[in-house]
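Please read the structure below before turning to the comments.
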Amino acid sequence: MSFDAATRALTFVWPAAGQRMAPGESFTITLGLILQPGLTGSQRATNSMVVNTGQTLAGCSNTSGNGQGTISGLPPTACGTTNFVQPVAGGSLVTTKGVKGDVVNAVTTGGYNVTSPNATCTPDANGYYRYPCAAQSVVGGTDEWRIDAINSGTIAYDNLTLVDPLPFPGDRLLAGGASRGSQFRPSFDSTFGAAVTAPPGTTKIWEVTTAANVCVGTGTGSAWSGRPGQPADPTCSNNPPNAQWIDGTTFTGDWDTVTGLRVRFDFTTTRQGGLLPGGAVNVVFRTVNVPATATRADGASVTTPVPGQVAWNQSGASATLATGTVISRAPAKTGIHLPFSTLQVVKTVSGDAASYAPDTFTFAVACTVAGAPVNLGASALLSVPKNGSAQIPGIPLGATCTVTEQGDFGETSRNPATPQTLRILDATTLPVPAAQVATFDNAYDYGDLSVTKVVDTEANVGAFGPFTFHATCTAPPGSIGGTVLDEDFTLSDGDTWKAPADTLPQRSSCLISETDAGSATGVAFTGAGATDNGDGSVAAVIGSAVDITATNTFAVGVLDVTKAVTGAGADRYGSGPFVIQAVCSWPPGSGTEGHRGRRRHRALHPAERRRRADAGGHRLRPHRAEDGRRDRRAGVRPRWLDLRELHHRCHREPGRRNGCRASHPGHR
Numbered sequence: 014m015s016f017d018a019a020t021r022a023l024t025f026v027w028p029a030a031g032q033r034m035a036p037g038e039s040f041t042i043t044l045g046l047i048l049q050p051g052l053t054g055s056q057r058a059t060n061s062m063v064v065n066t067g068q069t070l071a072g073c074s075n076t077s078g079n080g081q082g083t084i085s086g087l088p089p090t091a092c093g094t095t096n097f098v099q100p101v102a103g104g105s106l107v108t109t110k111g112v113k114g115d116v117v118n119a120v121t122t123g124g125y126n127v128t129s130p131n132a133t134c135t136p137d138a139n140g141y142y143r144y145p146c147a148a149q150s151v152v153g154g155t156d157e158w159r160i161d162a163i164n165s166g167t168i169a170y171d172n173l174t175l176v177d178p179l180p181f182p183g184d185r186l187l188a189g190g191a192s193r194g195s196q197f198r199p200s201f202d203s204t205f206g207a208a209v210t211a212p213p214g215t216t217k218i219w220e221v222t223t224a225a226n227v228c229v230g231t232g233t234g235s236a237w238s239g240r241p242g243q244p245a246d247p248t249c250s251n252n253p254p255n256a257q258w259i260d261g262t263t264f265t266g267d268w269d270t271v272t273g274l275r276v277r278f279d280f281t282t283t284r285q286g287g288l289l290p291g292g293a294v295n296v297v298f299r300t301v302n303v304p305a306t307a308t309r310a311d312g313a314s315v316t317t318p319v320p321g322q323v324a325w326n327q328s329g330a331s332a333t334l335a336t337g338t339v340i341s342r343a344p345a346k347t348g349i350h351l352p353f354s355t356l357q358v359v360k361t362v363s364g365d366a367a368s369y370a371p372d373t374f375t376f377a378v379a380c381t382v383a384g385a386p387v388n389l390g391a392s393a394l395l396s397v398p399k400n401g402s403a404q405i406p407g408i409p410l411g412a413t414c415t416v417t418e419q420g421d422f423g424e425t426s427r428n429p430a431t432p433q434t435l436r437i438l439d440a441t442t443l444p445v446p447a448a449q450v451a452t453f454d455n456a457y458d459y460g461d462l463s464v465t466k467v468v469d470t471e472a473n474v475g476a477f478g479p480f481t482f483h484a485t486c487t488a489p490p491g492s493i494g495g496t497v498l499d500e501d502f503t504l505s506d507g508d509t510w511k512a513p514a515d516t517l518p519q520r521s522s523c524l525i526s527e528t529d530a531g532s533a534t535g536v537a538f539t540g541a542g543a544t545d546n547g548d549g550s551v552a553a554v555i556g557s558a559v560d561i562t563a564t565n566t567f568a569v570g571v572l573d574v575t576k577a578v579t580g581a582g583a584d585r586y587g588s589g590p591f592v593i594q595a596v597c598s599w600p601p602g603s604g605t606e607g608h609r610g611r612r613r614h615r616a617l618h619p620a621e622r623r624r625r626a627d628a629g630g631h632r633l634r635p636h637r638a639e640d641g642r643r644d645r646r647a648g649v650r651p652r653w654l655d656l657r658e659l660h661h662r663c664h665r666e667p668g669r670r671n672g673c674r675a676s677h678p679g680h681r
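For what it's worth, our numbering labels the leading residue of the sequence shown as 14, then goes sequentially.
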């Protein structure tokens, strides 16, 4: 089938393999056509039908019984007939209402069939949706409504009134007063106002009201269509009273409190003196889906899970014919639908130390829509399993959400390390659209730890070490490892200890204590990521590699021995030589042999001694090996020292009590 818009011809073509008709065979084509307004009582709308065949016909006849005969002048291969429709004389009114959703900075498009959600919705030629389809929109979105009224009869109108009670929870239908089913109250868009179209010369005015229960009144039923024993009020002149309708071009109140719209037309001022058959008017206005707040509780819900919300609207039309007859019509309700969608958070863990990851992770989720916070309830703190996901359903379409990983879970790193911001723009719920999925990966990696021992001293005798240590490490905060290392080890000067591989997750906290420092005068720890506690221990936070140097310092001391000869016989008997033996020993258990010196010499006269001492003294220089370096070997053989040169240097280690003594074995 094809349609030619220029000729308005519908053409049906049979397929090549099915173009043959057997004698007596028939085909039936049924077309549903609607008579459009504009004809007077004496005018007809005629439709013709022609069948073209591939052979010369022996005859052409009309067997329908409609008395219309056949079309003359056709070729011998064609046969056709006609039929007509004619309006019934009298007054008639056709009014329709449609809506476009989210017409400003659109987030969503299309329609939603409220009676069959999986059915396809098709808008009219102008893009407006009608019942049972509601236009898709969003919280904060702007929707456009259009009311059309057509003189579909054969008598002109003197005037016409269109009324439109805006949606609100608890609203009712104009005809009959049954529930209209709105779930929230949109706000009238004052910046757009009302766009009114009518034939030239028409006097028109659009008005607004802030009264409650516009047109339907209180109680049951509807004042618009009339209650038992009460006349109808199709122009809403009593519900509310005319005095409560205010010209929209001069209204100075709060536009958010507007509850209804009324447009009045006077066609007697036109050149034709009325709205002729086929004449039409329309009104276009807009509303905004404001979100619910503490002070605007009847706005669109922003508390999850938000169901698909609908706001229904219905207009009414009342025409006064030139004959004085009044005709009223209320078309089917028209609505907007606010869809929702789902946000998903995915948590993955990676790395060789991933077994230390906890079983669940916590995320803070915050969403806003149209400037209002979305109430996520308990989902605002979302628990997500390791290598799993969690979802928050029922988030209003158009919302912006920020997802932040909360707390420390012992990871080496996070990817991404900053919060993720997502827009909820796709109403698909399963599977969750990729743009509405926030994925966070926590990497868990092992690190290395080593301790190297260094002895720092100028001593030329004695042995230093070995030294003992204890290391204990706990897994990072938030992980599940607890104590991951508890080990003792021993090091000598120049040795290095390394923690076992794949033992320490990065960010583990370690404490290394030197349990026997060998009486060193100083113990110092250095290394990136290490903190010397000043008490013989070091704290370290494990990175990819932490190398600690433990330095034990052994300071040296100086022993000065001066021989004094006094008394009356000093000059006669004090010439010496005297033998002095110096012995320096380590504390018990140090394992280092003492150092002695002894030498005979002639004692000097005290004054001479002082003069010589003043001239430069006689200090023993530290013993050096043949290569000039200081000798640190244990067990150096005692030396005999010249007293005149005895400024003997003694060596001691930190923490040990040095034992140097000088003895006078006798006078020789």
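For every residue, glycine included, the Cβ atom is placed at its ideal position computed from N, Cα and C.
On a predicted model such as this, the values are computed, not experimentally measured, just so you know.
Item to check | Coarse secondary structure for residue 193, derived from DSSP in three states | outcome: coil
Item to check | Local conformation of residue 198 per DSSP, three classes | outcome: coil
Checklist entry - By Cβ distance below 6 Å, which residues in the same chain neighbour residue 436 in space, the five residues on each side in sequence not counted? => result 413
Checklist entry - Under 9 Å between the Cβ atoms of residue 327 and residue 212? => result no
Checklist entry - Between the Cα of residue 541 and the Cα atoms of 529, 534, 547, 556, which residue gives the shortest distance? => result 556
Checklist entry - Can you tell me the Cα-Cα spacing of residue 376 and residue 568, whole angstroms? => result 57 Å
Item to check | Cut-off 6 Å between Cβ atoms - residues of its own chain near residue 81, not counting five sequence neighbours on either side | outcome: 94, 95, 96
Checklist entry - Skipping 5 residues on each side, what residues in its chain have a beta carbon closer than 8 Å to that of residue 120? => result 151, 154, 410, 411, 438
Item to check | Backbone secondary structure at residue 390 - three-state DSSP | outcome: helix
Checklist entry - The alpha helix (DSSP H) with residue 311 in it runs from where to where? => result Careful: residue 311 lies outside any alpha helix (DSSP H) and carries neither H nor E.
Next on the checklist: Once the 5 residues before and after residue 470 are set aside, which same chain residues still bring their CB inside 6 Å of it?
Outcome noted: 567
Checklist entry - How many Å lie between residue 194 and residue 60 at the Cα? => result 42 Å
Checklist entry - Per the contact definition of three or more C-beta pairs closer than 8 Å, is the region 311 to 331 in contact with the region 416 to 423? => result no
Item to check | residue 322, DSSP secondary structure in three states | outcome: strand
Checklist entry - Quick one, which of 164, 468, 529 has its alpha-carbon nearest residue 52's? => result 164
Checklist entry - Based on Cα-Cα distance, which residue from 100, 583, 547 lies nearest to residue 291? => result 100
Item to check | In DSSP terms, what residue 523 is bridged to | outcome: 486, 553
Item to check | Cα-Cα separation, residue 305 to residue 383 | outcome: 10 Å
Next on the checklist: Pop quiz: residue 162 and residue 106 are said to be a contact at Cβ under 8 Å. What is the actual Cβ separation, rounded to whole angstroms?
Outcome noted: 7 Å
Checklist entry - For residue 142, which residues does DSSP report across the bridge? => result 112
Item to check | 8 Å contact criterion, which residue 349 and residue 147 should meet: CB distance rounded | outcome: 6 Å
Checklist entry - Quick one: what does DSSP say residue 610 is sitting in, helix, strand or coil? => result Per-residue confidence for residue 610 stands at a pLDDT of 44, beneath the threshold of 50, marking its modelled position as unreliable; the derived number appears in the next sentence. If DSSP states are grouped into helix, strand and coil, residue 610 belongs with the strands.
Next on the checklist: If you follow the alpha helix (DSSP H) that residue 585 is in, where does it begin and where does it stop?
Outcome noted: 583 to 586
Item to check | Residue nearest to residue 597 in terms of C-alpha spacing, selected from 474, 130, 590 | outcome: 474
Item to check | Residue burial classification, residue 71 (beta-carbon count within 10 angstroms, cutoff 16) | outcome: exposed
Item to check | Own chain partners of residue 217 with C-beta closer than 6 Å, once the 5 adjacent residues on each side are dropped | outcome: 209, 211, 278
Checklist entry - By Cβ distance, which residues of its chain are closer than 7 Å to residue 686, with the 5 residues on each side in sequence left out? => result Nothing can be reported for residue 686, as the shown portion of the chain is limited to 14 through 681.
Checklist entry - For residue 249, which residues from the same chain have a beta carbon less than 7 Å from its beta carbon, with the 5 sequence-adjacent residues on both sides left out? => result 176, 227, 228, 237, 275
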